[in-house]
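Per my numbering, the sequence shown starts with residue 38, numbered consecutively. These notes concern the structure reproduced below.
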Amino acid sequence: MHRSLFPFVPFLLLIVPVLEIGVFIIVGGQIGVVPTLLGIVLTALIGTVLLRQQGFALIAKAQSQMDQGKIPGKELAHGVMLLAAGLLLLTPGFVTDTFGFLLLVPSIRDLIFHSIKNRLIVTGMQGQAGFSAHTRGQTGGTYYESHTYRANPGASQSGRRTGPSDPSIIDLDDDEFDEVQRHDALTSDAPHDNGAPKDDKSPWEKS
Numbered sequence: 038m039h040r041s042l043f044p045f046v047p048f049l050l051l052i053v054p055v056l057e058i059g060v061f062i063i064v065g066g067q068i069g070v071v072p073t074l075l076g077i078v079l080t081a082l083i084g085t086v087l088l089r090q091q092g093f094a095l096i097a098k099a100q101s102q103m104d105q106g107k108i109p110g111k112e113l114a115h116g117v118m119l120l121a122a123g124l125l126l127l128t129p130g131f132v133t134d135t136f137g138f139l140l141l142v143p144s145i146r147d148l149i150f151h152s153i154k155n156r157l158i159v160t161g162m163q164g165q166a167g168f169s170a171h172t173r174g175q176t177g178g179t180y181y182e183s184h185t186y187r188a189n190p191g192a193s194q195s196g197r198r199t200g201p202s203d204p205s206i207i208d209l210d211d212d213e214f215d216e217v218q219r220h221d222a223l224t225s226d227a228p229h230d231n232g233a234p235k236d237d238k239s240p241w242e243k244s
């Protein structure tokens, strides 16, 4: 919460209950106490059902954004506002229910999001995995090592990734990794003439 909003917190804690009491008196005087209480319970139930429906839809949309490699910043902001709507709807009172129902309207949430999005900072880091092959010489053969490469969102969208800094490490995709494995299997099973040592050099080794 921004520091400039802190002075308003005690004011809200005071004014909201006063408004709720005033609305209770007015509505109760018009329709009676029992219908007023039933109305509070009914609005809370309706709000809970709507909140659940929109919550599931928002989760599915956020998951779709992440599957595409995007950061669901807007969906996260909407999720926070839906959480606030749920708390307001579960709080007994017509004033809080009114604000809760307003936050259930997607267009109102969009308006709030666009008004505060410049103050929000959403950062993310995506990882990409790969394999590298190393050669230990005539006796060690070829061994394999997995790496996780981290790239910023812009680099991941353009298809570039940051590989290992060691120039002796070769970055392989899945097909190349399988080909190196087949080469090593054929090399280990092939006969050698005149007792000459087998060639364990990987086709992917950098010279």
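Yeah, the Cβ is synthetic: ideal placement off N, Cα and C, and Gly gets one too.
Worksheet item: Using the C-alpha atoms, what's the distance from GLN218 back to SER144?
Response: 56 Å
Worksheet item: Taking the alpha carbon of VAL78 as the point to measure from, which residue in THR133, ASP147, ILE149 and ASP212 has its own alpha carbon closest?
Response: THR133
Item to complete: Taking only the alpha-carbon atoms, compute the straight-line gap between LEU98 and LEU50 and give it to the nearest angstrom.
Response: Note that residue 98 is Lys in the sequence shown, not Leu. Rounded to whole angstroms, LYS98 to LEU50 spans 35 Å at the Cα level.
Fill in: Per-residue burial, ILE122 [other beta carbons within 10 Å of its own, 16 or more giving buried]
Going by the sequence as given, residue 122 is Ala instead of Ile. Answer is buried; the Cβ neighbour count reaches 16.
Worksheet entry | Sequence-distant residues of its chain with Cβ nearer than 6 Å to ASP211 (five each side left out) | none
Practice prompt. Quick one: grab the DSSP three-state call for GLN100.
Written response: helix
Discussion item. My assumption, with CB atoms under 8 Å, is that GLY84 sits in contact with LEU141. Please give the rounded CB distance.
Written reply: With a Cβ gap of about 7 Å, GLY84 and LEU141 count as contacting.
Worksheet item: Ordered along the chain, which non-local residues of its own chain (more than five positions away) have a Cβ less than 7 Å from that of GLY137?
Response: GLY84, ALA122, LEU125 and LEU126
Item to complete: Return the Cβ separation of GLY92 and LEU119 in integer angstroms, given the expectation that the two are a contact with Cβ distance under 8 Å.
Response: Confirmed, Cβ separation roughly 6 Å.
Worksheet item: Taking Cβ to Cβ, would you say PHE131 is nearer than 7 Å to VAL60?
Response: yes
Worksheet entry | Neighbourhood of GLU112 by C-beta distance below 8 Å, restricted to the same chain and skipping five residues each side | LEU95, LYS98, ALA99 and GLN102
Worksheet item: Just the Cα atoms here: how many angstroms apart are ALA114 and ILE153?
Response: 10 Å
Worksheet item: How is ILE153 classed by DSSP in three states: helix, strand or coil?
Response: helix
Discussion item. What would DSSP say about GLN105, mapped onto helix, strand or coil?
Written reply: Reduced to three states, the DSSP call for GLN105 is coil.
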